[in-house]
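The opening position of the sequence shown corresponds to residue 1 in our numbering, with each subsequent residue numbered one higher. Quick reminder that beta carbons are idealized off the backbone N, C-alpha and C, glycines included. Report on the structure given below.
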Amino acid sequence: MEMQVPKHDAVISTKQSWIVLALLMLLVLGIRAWQMTRTEVAARDSIGFIRYAWLLENSNDWKSVIKDAQQHPGFPFAIYLASKPVRYFVDSDLAFAFQISSQLVSSVFSVLLVLPLFFLAREIFDFRVAVWSVLLFEFLPAISKVLGDGLSEGMFLFFAASALACVLSAFKNNNILTWLFAGLFSGGAYLVRPEGIIIAFASFVVLAGSILLGKFSDLQLMRRNGKGLVSLSLGFMMLAVPFVLTVGKLTTKPTGQKILEKMSLAPAENDNRLAMVSTSEVGHLPLFASWWEGEDKSPAARFAWSFMVLGDSYLKGLNYLGCAFALIGLFSTPINVWGKPGVMVIVLSFLILNVAFYRVALVMGYLSERHAVLALMLMVIWSAYGGIVLGNWFLALFGRDNSQGLIFKINQVSVLLLILLVPSIYKSMETLHYNREGFRQAGKWLAMNSKPGDPVEDPFCWSHYYAGKVFLEGAMDLRFSEPRVKYVIVERSGNPHLRLNTQDEESLKAQQGKVVYDWACKRKGVHSTVVVYEIPVR
């Protein structure tokens, strides 16, 4: 029995489509506003972006800032711009103002992402798949929490989805200007994260292949594709080349550089690629990451672990059930869909992304769930399709005579996808970083009770940030406490934080340290007390 999705586009008018899009954007805006107002601390990775934005504001040499940074400049620059109006209203707390600015940028772009993602899914399949693709991607908890946080994914995905949407439209309508925008959006994605170059590369390969493998007798088609190739390349280079010339390499991210440099298996090592950190913050590590900790050091064990953690990223990202739907969708996709040149670009991009993820896991010894967001965005389209196909298959079991009955009407809302969506929304509404409140409180205490020049050693980064120390880095003639002291942040919890450069309390007491502040988290199920030690500096 063939499983197919009935087409509904014929009865959906343009006006109705825009009404649905507006409703989807309002829903996404609602969840982002909820998340922004229920965030205990800034994402640890976002502190690096905020530091970058602060350097852009306070430096007369942007070229040096961009060249020395460990991130691409797109998202920090957006934070810098957003902070201007935000600080007009929040002028007494820089840390909170920049936290809001980073979340605001990410949230706005995640709302705008509705448009290209909807168009992308509709071009591949149909209207209903497009609606569900947006709902699933924006509300699946592993993705939703990232999009509502002060991280670069929202901005990156908007540009990436827009580039792919333009590619599908350009192949369909043969519009040279659309190819130019595809290149510009790819360049915009590249300025946020290095993976943006993959979309431009995949589009280039498919276009070049259509020219080389096409019918040479069709000179008009070859000429049209050639113009598209030039327009795509021009659009991408307009944004990418100035950055590459400034930094002298394809990417400033240490992980990307090591992946490009190392073609053989390397030992696992810690990497603070997600933020520029001061020497007092060497413990910064990527969040939501899986780490290689196997006792078997053989290459075979490392290869197997890399595949396992890659699959785990998809299982968690699609909330398990969504992964099953995606597999059904992939196997049910009609052959004519795979034959579309625009879909070929998506497939090639997906394959390259997975090779890159595998190399990260293999060479660096970890893989963050944030690495997979672009691939998850592509997979969620097939999750939506698979859920609808499976529903139609169950409907067919009742026979064609029931095609207009109650069961058919119920299936129109895709009950199987609702089973995935409803608990996802509930999980996405959890307070972001709900178990980190103590670090913010400790930072606030330090801001009130320490001098600007007093050092704060904080392997967790949050107390250091909320004490305002990030905005004092490099400043001269700061006031110090007399006699001189430093402050060290410790967390008492069941987590030993083996990957962070923490100090045990016995060693701090041996340095004549004393507890000057502590905050016990009162949330149910959270057993964490943040302690501030004051230690004399001789």
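Residue i - DSSP class collapsed to helix/strand/coil
i, result
"Asp-68", "helix"
"Asp-312", "helix"
"Val-131", "helix"
"Thr-246", "helix"
"Asn-492", "Looking at the sequence itself, residue 492 is Arg, so the reference to Asn does not match. Residue state, collapsed to three classes: strand."
"Val-532", "strand"
"Lys-320", "The sequence as given places Tyr at residue 320; Lys does not occur at that position. Three-state result, Tyr-320: coil."
"Val-20", "helix"
"Gly-283", "Interpretation of Gly-283 is limited by its pLDDT of 37, a score under 50 that renders its predicted location unreliable; the figure taken from the coordinates is listed afterwards. Reduced to three states, the DSSP call for Gly-283 is coil."
"Asp-518", "strand"
"Ser-186", "helix"
"Leu-113", "coil"
"Thr-39", "strand"
"Lys-15", "helix"
"Leu-191", "helix"
"Leu-418", "helix"
"Ala-266", "Here Ala-266 scores only 42 on pLDDT, less than 50, and its place in the model should not be relied on; the value that follows carries that caveat. In the structure shown, Ala-266 sits in coil (DSSP, three-state: anything other than H, G, I, E or B)."
"Leu-234", "helix"
"Leu-397", "coil"
"Leu-212", "helix"
"Leu-432", "strand"
"Phe-93", "Contrary to the premise, residue 93 reads as Asp rather than Phe in this sequence. Coil at Asp-93, not helix or strand."
"Val-526", "coil"
For residue i, the nearest candidate out of the options (CA to CA)
i, options, result
"Ala-170", "Leu-207, Ile-197, Leu-147 and Lys-145", "Leu-207"
"Lys-514", "Ser-528, Val-530, Ile-535 and Leu-500", "Ile-535"
"Ser-133", "Ile-199, Phe-325, Glu-473 and Arg-44", "Phe-325"
"Ala-442", "Val-526, Ile-328, Val-490 and Ser-83", "Val-490"
"Phe-49", "Val-470, Val-488 and Met-476", "Val-470"
"Gly-387", "Ile-419, Leu-164 and Leu-219", "Ile-419"
"Leu-120", "Lys-172, Pro-76, Val-105 and Pro-73", "Lys-172"
"Ala-43", "Gln-511, Leu-213, Val-532 and Tyr-434", "Tyr-434"
"Tyr-52", "Ala-510, Ser-152, Leu-432 and Val-41", "Ser-152"
"Asn-449", "Val-537, Gly-228, Ser-231 and Ser-481", "Ser-481"
"Ser-17", "Ile-31, Leu-472 and Val-131", "Val-131"
"Gly-342", "Ser-203, Leu-395, Lys-15 and Lys-444", "Ser-203"
"Lys-427", "Glu-57, Leu-56, Gly-148 and Pro-76", "Gly-148"
Check whether residue i and residue j have beta carbons under 8 angstroms apart
i, j, result
"Leu-376", "Leu-318", "yes"
"Val-28", "Ser-162", "no"
"Gly-150", "Ser-59", "no"
"Lys-340", "Ala-142", "no"
"Leu-157", "Val-488", "no"
"Ala-384", "Val-146", "no"
Beta carbon proximity, residue i to chain B, threshold 8 angstroms
i, result
"Arg-538", "Structure shown: chain B not included; a single protein chain is present."
>> I want to know whether the segment 176-187 touches the segment 229-242 - three or more CB-CB distances under 8 angstroms.
In response: yes
>> For a minimum of 3 consecutive residues, which ranges assigned as the beta strand (DSSP E) are wholly contained in the segment 438-507?
In response: 485-493
> Quick check: the segment 85-101 against the segment 56-74, are there 3 or more CB pairs under 8 angstroms?
Replying inline: no
> Curious, which full-length beta strand (DSSP E) runs of at least 3 residues does the segment 341-382 contain?
Replying inline: 366-368
>> For the pair the segment 492-508 and the segment 412-432, tell me if three or more CB-CB distances fall below 8 angstroms.
In response: no
> Just checking, does the segment 72-91 make contact with the segment 20-36 on the three C-beta pairs under 8 angstroms criterion?
Replying inline: no
>> Measuring CB atoms only, is the segment 100-108 touching the segment 304-314, in the sense that at least three cross pairs come out at less than 8 angstroms?
In response: no
> So does the segment 344-360 actually touch the segment 450-467, counting three or more Cβ pairs closer than 8 angstroms?
Replying inline: no
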